[in-house]
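Position 96 (the sequence shown) corresponds to 96 in the working numbering; numbering is contiguous.
From the three backbone atoms N, C-alpha and C, an ideal C-beta is built for every residue, glycine too.
Down below is the structure, laid out as structure tokens.
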Amino acid sequence: MTDLTAVLPGFPTHQYVRLIPSLEKQKITTADLLTLDYVEVAKRAHLPLLDVKRLCSAVLAALQTDIGIHEPDDGKENAVNPTLRKRGREILGCSTISTLDDDLDRALGGGVPTGYITEITGESGAGKTQFLITLLLAAQLPAPQGLSSPALYISTESALPIKRLTQLLQSHPALVNHACKPTLDRVHCIVVNDLEAQDHILRFHLPVQIKKHGIRLIILDSVAANYRAEFERRGVSGGQNSGANMAQRSAELVKLGQLLRDVAREYNIAVVVANQVADRFTGHSSHGSDMSNGNSSPIIHRNATQSSPLARRGAQPAGYPSSSLAPPPNSSAVPLPASQRPFSTTPDPLSLDHQQRWFTGWGDDPSPYSLISKNMKTPSLGLVWTTQIACRITLIKRPIYGRAIVVEEEDVPSLRRWRRWMKVVFAPHARESGAGLRGAVEYEIKGEGLRAVKRQDGDEDEENEETLPV
């Protein structure tokens, strides 16, 4: 608590004079009061629960008031950090670009914000390009849907889909009869095929185009293509050269993030980047089903994750044979009740495999069966790029299987269609969607554009259709 006066100089510490000495003795900081459960703080400091809860709430409210998210209780502006307080109100009232669908906009807090880097990530066929070209047209609309300004599309893979843009202009309900109908003339496009050209365009050409045409939206599709082609080709031999390439790539990603953030803040524009995904494999997936059925023990589970047979033999406790052969499966074993199942070990809470569940968009479902999913993805460019963006929007698609139409293949499930969800993983202006797909918005891609799916209770899955887990 010695840092409380430094973090919040105006905090009324005299009201909690009985609590502060015990908190300082246990070395409980202001960050601990904000992140830890007040019950745990009270146990560590041996203080009453209600008093600690009241202190935690007061610190949180004072911090929100200090950055301008909440107004002071007395209705008077405090003279401490007036510039920062003004910026806090601007965060809540920032300009946004609509997706032209009310449900999607509601999940995004109004749309894609200006002044930040927003990433749209998802696997192939999830609808990333549909989102991007919708933003290209929506940015030309007047507020609150758009910014009444042109947009710039920077492509690193393929040319701008002009036919799809024309189709949206002619069929989207929000654009057909609009008084300020967007045009293709206000969509500027640049194609870059390598990192050198990309850096030159962003560093020198981009500021000129922004000032010349009044551009308020920049789309980079995609951010990972040139980095994959450039650095993965160099590091294919592995070894020290591969490690040096990864270090160089990380440095280049930091420079790119700093450059895009400076452009977004200086000109108050929206920077949107599309990102690819890669498959993610966890070390606990192959044992999750055994643990849940009660056919394995925590000791065997830990031994199975060793890196070599020698390590497995050395780590086996007394009473287990030192054999490299796995025991035969017990087909007659009956799953134990939940209360009698062995405790499943939790992965290291500070490891990347555990932490990335909450900033990638995949793997954060609290259900234990989500750990054995085979459809886990991770946005490309890793943790380094994640620290450079302010908002991540994940597009998730899931196959729907049903009975085959052919009689000979009726026992084999056939792919019927795909379902898609938009999930806000983290954002400075909107609330996160939450764990799994519970708070995500389901949408579909039609000829007239993106459209949220409105389902009634009980209509989650159609008859004779099966949804595979994500």
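- Burial check for Glu119: the Cβ neighbour count within 10 Å reaches 16 or more, so the residue is buried.
- Boundaries of the alpha helix (DSSP H) around Glu196: Leu195 to His200.
- The beta carbon of Cys180 is closer than 8 Å to those of Gln140, Leu141, Pro142 and Ser148 in its chain, skipping five residues each way along the sequence.
- For Thr30, the secondary structure class from DSSP, reduced to helix, strand or coil, is helix.
- Segment contact: the region 101-109 against the region 243-263, fewer than three CB-CB distances shorter than 8 Å; contact not assigned.
- Per the coordinates, the alpha-carbon of Arg106 lies some 10 Å from the alpha-carbon of Arg431.
- In the displayed model, His188 falls within a strand according to three-state DSSP.
- For the pair Leu395 and Gly122, the Cα-to-Cα distance works out to about 5 Å.
- In this structure the region 167-185 touches the region 440-452; the number of beta carbon pairs closer than 8 Å is three or more.
- For Val191, the CB contacts under 7 Å within the same chain, skipping 5 residues up- and downstream, are Ser155 and Ala159 in chain order.
- Trp362 sits in coil when the DSSP states are folded into three classes, being neither helix nor strand.
- Close CB contacts of Leu33 within its chain, under the 6 Å cut and outside five residues either way in sequence, are with Cys56 and Val59 (chain order).
- Taking every protein chain shown into account, the CB of Ile97 has 16 or more other CB atoms within 10 angstroms, so this residue is buried.
- The continuous beta strand (DSSP E) containing Thr394 extends over residues Cys391 to Gly402.
- Annotated three-state conformation of Pro113 is strand, per DSSP.
- The alpha-carbon of Gly402 is positioned some 27 Å away from that of Ala435.
- When secondary structure is reduced to three states using DSSP, Arg420 falls in the strand class.
- The DSSP-derived three-state label of Phe131 is helix.
- According to the DSSP assignment, Pro21 belongs to the alpha helix (DSSP H) that extends over Ile20 to Lys25.
- Listed in chain order, the non-local C-beta contacts of Gln276 below 7 Å within the same chain comprise Ser222, Ala224 and Ser380, local neighbours out to five positions each way being set aside.
- A distance of 8 Å or more separates the beta carbons of Leu202 and Pro182.
- The bridge partners DSSP lists for Lys255 come to none.
- Counting along the chain, Leu168 sits inside the alpha helix (DSSP H) bounded by residues Ile162 to Ser171.
- Nearest in C-alpha terms to Pro144, of all of Thr129, Arg54, Thr114 and Val208, is Thr114.
- Here Asn275 is bridged, per DSSP, to Thr121.
- Around Asp194, the same chain offers Asn226, Ala229 and Glu230 as residues with beta carbons nearer than 8 Å, after the five sequence neighbours per side are excluded.
- In this structure the region 13-28 touches the region 36-55; the number of beta carbon pairs closer than 8 Å is three or more.
- DSSP, read as helix, strand or coil, puts Ala126 in coil.
- In the three-state reduction of the DSSP assignment, Ala224 falls in the coil class, being assigned neither a helical nor a strand state.
- Taking C-beta separations shorter than 7 Å and ignoring five residues to either side along the sequence, the partners of Gly214 in its chain run Ser149 and Pro150, following chain order.
- In the three-state reduction of the DSSP assignment, Thr378 falls in the strand class.
- According to DSSP, Ile445 shares a beta bridge with Leu450.
- The alpha-carbon separation between Ala62 and His14 amounts to approximately 15 Å.
- Annotated three-state conformation of Phe204 is helix, per DSSP.
- Note on geometry: alpha-carbon atoms of Ala274 and Thr378 lie some 14 Å from one another.
- When the beta-carbon positions are compared, Gln209 and Leu152 come within less than 8 Å of each other.
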